[in-house]
Amino acid sequence: MFDDIDPGEHDAVSLRQAFETALQTTVETAGVETVRDRTALDRETIAAIAAGEGLDLTVADAAAIRALEDSRDAHAIAADARDRLLLAMSSAVLDVDGLAGALDADVTAKELQQKIEGRHPMGLGEYADVLAAVTEER
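So the mapping is simple: the numbering used here equals the position in the sequence shown, first residue as 1, plus 264.
In structure tokens form, the structure reads like this:
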């Protein structure tokens, strides 16, 4: 989803900011009306993204925006983001129990697993936190 952003160069906060900046650039390039017409997001949310206001979109919403600049659809982009996270966890030899303990969030290992697998929505901020934690463990 954000292939051009190296999570190893960021902590969780700056990684989230990098994601938000990439979304802002996509909205500026495509235009608010195009984003509104091609995603399920409302005009106010899109305008906030364009203005650089920090919103905790879901990974699915971020993927829908990124799909405007990608040959893949939003579902494929979100699935790829989840797959990259799972591969990073595998490389770090990190399971969801260890990952849940490494996060400063009130999330159980089961809830985290469901979010990583795409069975429950994951916020973009959560995704940044998880990716940063996994990257740190590698």
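All residues carry an ideal CB built from backbone N, CA and C; glycine is no exception.
- Checking the DSSP bridge columns, you'll see Thr285 has no partner listed.
- Per the Cβ contact rule, the stretch 303 to 316 is not in contact with the stretch 359 to 367 (fewer than 3 Cβ pairs under 8 Å).
- Inclusion of Arg346 and Gly387 in the CB contact set at 8 Å is not warranted, their separation being larger than that value.
- By the Cβ-count criterion, Pro271 is buried, with 16 or more other Cβ atoms from all chains shown falling within 10 Å of its own Cβ.
- Contact between Ser354 and Arg402 is absent: CB atoms are separated by about 10 Å, not below the 8 Å threshold.
- Taking the Cα of Glu292 as reference, the smallest distance to any Cα among Val277, Ala327, Ala312, Leu321 is reached at Ala312.
- Of Ala392, Arg307, Thr289, the smallest CA-CA separation from Asp368 is found for Ala392.
- In the DSSP secondary-structure assignment, Thr290 is not bridged to any residue.
- Within the model, the alpha-carbon separation for Ala326 versus Val371 is close to 22 Å.
- Across the structure, Val323 and Ile380 are spaced so that their CA atoms are roughly 10 Å apart.
- For the 8 Å CB-CB criterion, Ala328 and Ala294 do not form a contact.
- Annotation for Leu350: the continuous alpha helix (DSSP H) segment containing it runs 338 to 355.
- With respect to the 8 Å criterion, Leu349 and Leu395 are classified as neighbours on the basis of their beta carbons.
- For Gly387, the beta-bridge partners assigned by DSSP are Thr322.
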